[in-house]
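For the sequence shown, the numbering used here begins at 9 and goes up steadily by one.
Here a beta-carbon is modelled for each residue, glycine too, at the ideal position from N, C-alpha and C.
See below for the structure under consideration.
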Amino acid sequence: MKILVLNSGSSSLKFQLFMGRDLSVLASGLIEQIGNVQSAAQLSFVDSSGLEKELKRSESVADHREAIMVMADMLRESGVLVDTSELVGVGHRVVHGGEAFHQPVRIDETVIVAIEALIPLAPLHNPANLMGIRVAMEHVANIPQVAVFDTAFHQSIPEHAYLYALPYALYEEQKIRRYGFHGTSHSYVAQQAALYLDRPLEDLHIITLHLGNGASAAAIRNGKCIDTSMGLTPLEGLVMGTRSGDLDPAILFYLGRENDLDMDALDTLLNKESGLKGICGENDMRTISEAAGQGDKQSRLALAMFCYRLKKYIGAYIAALGGVDCIVFTGGIGENSAIVRQLSCQGLEWLGLSLDEDKNNIRQQEILEIQAPDSRASLLVIPTDEEYEIARQTLQVINNS
Ligand code: ADP
9 MKILVLNSGS SSLKFQLFMG RDLSVLASGL IEQIGNVQSA AQLSFVDSSG LEKELKRSES
69 VADHREAIMV MADMLRESGV LVDTSELVGV GHRVVHGGEA FHQPVRIDET VIVAIEALIP
129 LAPLHNPANL MGIRVAMEHV ANIPQVAVFD TAFHQSIPEH AYLYALPYAL YEEQKIRRYG
189 FHGTSHSYVA QQAALYLDRP LEDLHIITLH LGNGASAAAI RNGKCIDTSM GLTPLEGLVM
249 GTRSGDLDPA ILFYLGREND LDMDALDTLL NKESGLKGIC GENDMRTISE AAGQGDKQSR
309 LALAMFCYRL KKYIGAYIAA LGGVDCIVFT GGIGENSAIV RQLSCQGLEW LGLSLDEDKN
369 NIRQQEILEI QAPDSRASLL VIPTDEEYEI ARQTLQVINN S
C-alpha cells in the first residue's frame with residue numbers, strides 16, 4: 009500500500025512516497041526549474057536492502073506534465089514504485105481552500121472547479137497546485153486523488169476573529185477575511201504535542217509557531233484553531249524572511265502618493281523586499297544570527313524585531329485562549345534557532361512561562377522539551393512534517409470514502 013504526496017509549485021514539483029499504515033517514507037524528490045532548459049531533478053530513496061540512495065538528473069523538463077513523467081521514471085528506476093497500480097492514493101497540497109473546504113476532500117470535477125474559483129485569492133499558488141492535480145489525474149486516472157488545503161485547519165476560527173473591521177459587504181460579496189496558511193503544519197505539530205504530552209488534544213490549549221521563510225502563529229483551543237496570524241494572504245502577521253507582516257495600512261497610501269508607487273511596486277516591496285531582508289539585507293536566519301553574534305547592528309535589529317513581534321503574538325494568543333498548556337516551535341527557524349526561541353520567550357516569565365537555556369541549546373532530531381521546571385506551560389520544539397500529514401489525511405479520506 010503506497011501513497012504519493014505531490015506539492016506542485018509554479019516551477020517546481022516536490023513529492024514523497026509513503027508506504028504502509030505507519031506511512032514510512034520510501035522516497036522523496038524534487039524537480040526544480042521546470043520550464044528552463046536545464047531542470048534539476050533529484051530523488052532520495054531507500055532501496056530494497058534498506059540503504060539510503062540518491063538519483064540525480066539534469067535535463068530539460070518543459071512543463072508539469074513532463075515533470076510527472078520524470079518523477080514516475082525516477083520512482084520506477086529506483087525500484088520504489090515499479091507500477092502505479094501499487095498506489096492507493098495521491099495526496100495534493102492545495103494552498104487555498106477558501107470557505108469552501110474545511111477538510112481534505114476526494115478530488116472530482118466539482119472540486120477542481122471550486123479550487124479554480126479560488127484563484128483570485130491565491131493567484132500564484134492555486135494555478136500551480138491545479139496543474140499538478142490535472143496532470144496526476146490524467147497520469148493515474150484510476151487512483152483516488154485527495155486535496156489537502158493549507159487553509160482548512162483555520163476554518164474553525166470564529167467570525168469575530170476572522171473578520172476585518174471593513175464594510176461587511178466586502179466579506180459578503182468578495183469574501184475578504186482572514187483565512188490563514190500553514191494549516192497542515194500547525195495541525196500536525198499540535199497533534200504531535202498532544203501525543204508527546206500524553207494528553208488528549210481536545211483537552212489542550214496550544215500555541216503553534218511555524219517559523220520558516222514564511223512564518224505564522226496559531227492559537228488552538230481543544231484541538232480547534234481559534235486564531236492565526238496570516239490573513240487574506242500570507243503577508244499578514246509575523247516578521248518574515250522578505251515579508252513585512254503587520255503594518256499600518258496607511259503606509260501604503262503614503263508611499264503610493266509620496267513615492268508614486270503603483271500596486272505592483274507596493275506588492276513587491278511588502279512581499280519581497282521587506283521583513284528581515286528589508287532591515288538587514290539578509291533573509292536567512294542562520295546568516296543573520298551569526299552576524300548579530302558578531303555585533304552587526306542591522307542584523308541585531310532584524311533579529312530583535314522578529315522576536316519582539318513573535319512575543320507579542322504569543323502574549324495575544326495566551327489572552328485569546330485564556331491560558332496555554334503548550335507552545336510549539338517549528339519550521340526551519342523554530343526547529344533550529346535557539347536564539348530566536350530564547351528572545352521570543354524572554355519576558356514571558358510574568359505569565360509563568362520560562363525557558364531552560366541549557367535545554368534550549370540542545371540540538372536533536374526528535375521532539376525537544378525546553379521549559380524550565382517551574383514553567384506553567386510546556387515549551388516544545390517539534391520538527392514539522394507536512395508531507396506526512398498530507399499522506400495521513402489522504403489515507404483517512406480514502407478509508408472513509
Ligand atoms: P520554508 O518556509 O521555505 O519551508 P524552512 O522551514 O526550511 O523554510 O525555514 C527556512 C529558514 O530556517 C531560513 O531562514 C533558515 O535560515 C532557517 N534555518 C535553517 N537552519 C537554521 C539554523 N541551524 N539556525 C537558524 N536558522 C536556521
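Check: Inside the segment 161-203 only - alpha helix (DSSP H) runs reaching at least 4 residues; Outcome: 167-170 and 176-182
Check: Cβ-heavy atom distance, Met313 to the ligand ADP, below 7 Å; Outcome: no
Check: Cutoff 8 Å; reference Arg65; Cβ partners in own chain excluding five residues on either side; Outcome: Ala48, Ala49, Gln50, Val78 and Met82
Check: Beta-ladder partner(s) of Arg229, from DSSP; Outcome: His213 and Lys232
Check: Alpha-carbon spacing of Asp59 relative to Ala70, whole angstroms; Outcome: This sequence places Leu at residue 59; Asp is not what is there. Computed Cα separation, rounded: 32 Å.
Check: The segment 142-162 in contact with the segment 32-41 per 3-pair CB rule at 8 Å; Outcome: no
Check: Per-residue DSSP class, three states only, for Phe53; Outcome: strand
Check: Closest by C-alpha distance to Val405, when choosing among Gln111, Lys22 and Ile287; Outcome: Gln111
Check: Proximity below 8 Å, CB of Ser224 to CB of Gly283; Outcome: no
Check: Heavy atom of the ligand ADP within 7 Å of Met79 beta-carbon; Outcome: no
Check: Proximity test, Arg294 beta-carbon vs the ligand ADP heavy atom, cut-off 7 Å; Outcome: yes
Check: Uninterrupted alpha helix (DSSP H) stretches inside the segment 262-302 (no shorter than 4 residues); Outcome: 271-280, 283-288 and 293-301
Check: For Ser57 and Gly140, believed in contact at Cβ under 8 Å, the rounded distance; Outcome: Between Ser57 and Gly140 the Cβ distance is about 32 Å, and since that is not below 8 Å, they are no contact.
Check: Endpoints, alpha helix (DSSP H) assigned at Met248; Outcome: Counting along the chain, Met248 falls outside any alpha helix (DSSP H), and DSSP gives it neither H nor E.
Check: The alpha helix (DSSP H) enclosing Leu309, as first and last residue numbers; Outcome: Lys305 to Leu329
Check: Identity of the residue in Glu62, Thr338 and Glu377 nearest Thr439 by Cα; Outcome: Outside the displayed span of the chain (9 to 409) sits residue 439, for which this structure offers no information.
Check: Length-filtered (3 minimum) beta strand (DSSP E) runs lying within the segment 343-401; Outcome: 386-389
Check: Whole-angstrom distance between Tyr316 and Arg294, CA atom to CA atom; Outcome: 18 Å
Check: Own chain partners of Ala312 with C-beta closer than 8 Å, once the 5 adjacent residues on each side are dropped; Outcome: Leu351
Check: Beta-carbon gap between Ile115 and His72 smaller than 8 Å; Outcome: no
Check: Local Cβ density within 10 Å of Ser237, reported as buried at 16 or more and exposed below that; Outcome: buried
Check: Bounding residues of the beta strand (DSSP E) (the contiguous stretch that carries Met27); Outcome: Leu21 to Met27
Check: Lys183 and Gly105 closer than 8 Å at C-beta; Outcome: no
Check: 7 Å CB neighbourhood of Leu171 in its chain, flanking five on each side removed; Outcome: Tyr179 and Arg185
Check: Heavy atom of the ligand MG within 7 Å of Ile378 beta-carbon; Outcome: As presented, the structure is devoid of the ligand MG, carrying the ligand ADP as its sole ligands.
Check: Closest Cα partner of Leu359 within the set Gln372, Arg384, Gln373 and Ile375; Outcome: Arg384
Check: Inter-residue Cα distance where the pair is Val121 and Asp393; Outcome: 28 Å
Check: Val389, buried or exposed, once every other Cβ within 10 Å from all chains shown has been counted against 16; Outcome: buried
Check: Range covered by the alpha helix (DSSP H) that runs through His133; Outcome: His133 to His147
Check: Endpoints, alpha helix (DSSP H) assigned at Thr118; Outcome: Glu117 to Ala125
Check: At least 3 beta-carbon pairs within less than 8 Å: the segment 284-292 vs the segment 244-255; Outcome: yes
Check: Helix, strand or coil at Ile335 according to DSSP, with G and I counted as helix; Outcome: strand
Check: Cβ pair Val102, Asn137 closer than 8 Å; Outcome: yes
Check: Reference Glu244, options Ile214, Cys334, Asn368 and Leu278, closest by Cα; Outcome: Leu278
Check: Nearest neighbour of Ser362, chosen from Ile375, Val332 and Glu343 [CA to CA]; Outcome: Val332
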